[in-house]
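In this note's numbering, the protein residues as written are 4 to 271. No residue lacks a Cβ here, since even glycine has one placed at the ideal position from N, Cα and C. Take a look at the structure below.
Structure representation (C-alpha cells):
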C-alpha cells in the first residue's frame, strides 16, 4: 500500500468524500498522521484531543492543505466525553460514518504485578479501555443510522505478549482487542465493521522522548524489518480499514509492527 505522495496526491486513490470521521488522540503522532491521511482521501475529519491548542493546529494544517477538519478539545477519560463528542459531531454534520480510537495513556515502567496494584492502573484503564468502549457505544447507533460504517480501535504489541513491565497498559490493550471482536459480532448485521490496529514501536515524538534507548534497541533487535514504524504507515492501515476496500474485513486485529510479534525470540 502506498502513501499519499507515491499515489499521486492521495485524494483519489481511496474515496472517502462526504464521510464524517472522528479521530481521538488526533493531535498525537499517529493521530495527526491519521487525521491528515483521512482528510486527504476526502473525509470530514473531527480531530479530538485533550490538547485543544494542538488539535486546532492539526485541523488548521489539514485545512491549509485543502482538507476538511474540525477540532474538538475534549479529554476522553471524562465520563461525559463520549456523549459530548458524538452529539457535537451529529449536530454539526448530521451523520457519523466512522470512529477511529487512537487516544491513549502509556504509564511507563510499572514493574511486575505484585503487592500493590500499579499506581496508574485506574487511569490506564479509563483512557485505554473504558473510554474506548463508551465512545463506541455512543457512536454505534449513529453508524447504524448512516447505513453502516466502521470503527477502528488501537491496540499494541503489549496486548499480544507479556513483558516484565507495563502491566496495566498491556491488559487494557488486550481488552480493546476483545472489545473489537464483540462489537464486530454485535453490529455486523447492521452494517458496522470493527477492526483494530496493533502498532509496534513507532517513531512518534512521545516514543522517541520517553522510551529508554536500551529498551528501543532491544525491541528493534527483535524486529525483522529492523526499524521503527512511521506514523504515516499506521495511518495507511487505518485508511484501508475505514474504506470500502476492507468491506469484508471485521473483527480483526492487524499488527503493524515490522514483524515483531511474528517469530520466536531467536532472531539474530
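CB contact below 8 Å: residue i versus chain C
i, result
"residue 19", "Chain labels in this structure do not include chain C; a single protein chain is all it has."
Sheet register partners of residue i (DSSP bridge)
i, result
"residue 104", "27"
"residue 154", "102 and 197"
"residue 47", "23 and 71"
"residue 76", "52"
"residue 256", "199"
Same chain, Cβ closer than 6 Å to residue i, five either side skipped, listed in chain order
i, result
"residue 22", "46 and 100"
"residue 36", "234, 235 and 238"
"residue 55", "76"
"residue 94", "none"
Cβ shell of residue i (< 7 Å), same chain only, five flanking positions each side left out
i, result
"residue 161", "169, 172, 173 and 176"
"residue 38", "26, 29, 48, 50, 61, 65 and 72"
"residue 256", "158, 180, 183, 199 and 201"
"residue 240", "200, 257 and 259"
"residue 116", "170"
"residue 141", "85, 86 and 89"
Rounded separation between residue i and residue j - CA only
i, j, result
"residue 268", "residue 157", "24 Å"
"residue 209", "residue 107", "12 Å"
"residue 96", "residue 228", "42 Å"
"residue 145", "residue 89", "8 Å"
"residue 251", "residue 195", "11 Å"
"residue 10", "residue 40", "Because residue 10 sits at a pLDDT of 37, beneath the cut-off of 50, its placement in the model cannot be relied upon, and the point is left open."
"residue 151", "residue 193", "6 Å"
"residue 155", "residue 24", "11 Å"
"residue 31", "residue 189", "30 Å"
"residue 178", "residue 185", "10 Å"
"residue 92", "residue 19", "17 Å"
"residue 247", "residue 122", "42 Å"
"residue 167", "residue 148", "44 Å"
Distance between beta carbons of residue j and residue i, contact taken as under 8 Å
i, j, result
"residue 33", "residue 207", "6 Å"
"residue 253", "residue 163", "About 19 Å separates the two Cβ atoms, so there is no contact after all."
"residue 80", "residue 129", "5 Å"
"residue 230", "residue 261", "7 Å"
Same chain, Cβ closer than 8 Å to residue i, neighbours up to 5 away in sequence not counted
i, result
"residue 2", "This structure does not reach residue 2, given that the chain is present from 4 up to 271, and the question cannot be answered."
"residue 4", "Bear in mind that a pLDDT of 32 at residue 4, under 50, signals an unreliable position, so the number given afterwards is only what the model happens to contain. For residue 4, where only same-chain residues beyond five positions count, the Cβ hits under 8 Å are 239, 240 and 243."
"residue 214", "204"
Meets three-Cβ-pair contact criterion under 8 Å: the segment 130–148 and the segment 230–248: no
Quick one: any contact between the segment 218–229 and the segment 199–210, if contact means 3 or more CB pairs under 8 Å? yes
Tell me whether the segment 50–66 and the segment 111–126 touch, counting them as touching only if at least three CB pairs, one residue from each stretch, are closer than 8 Å. no
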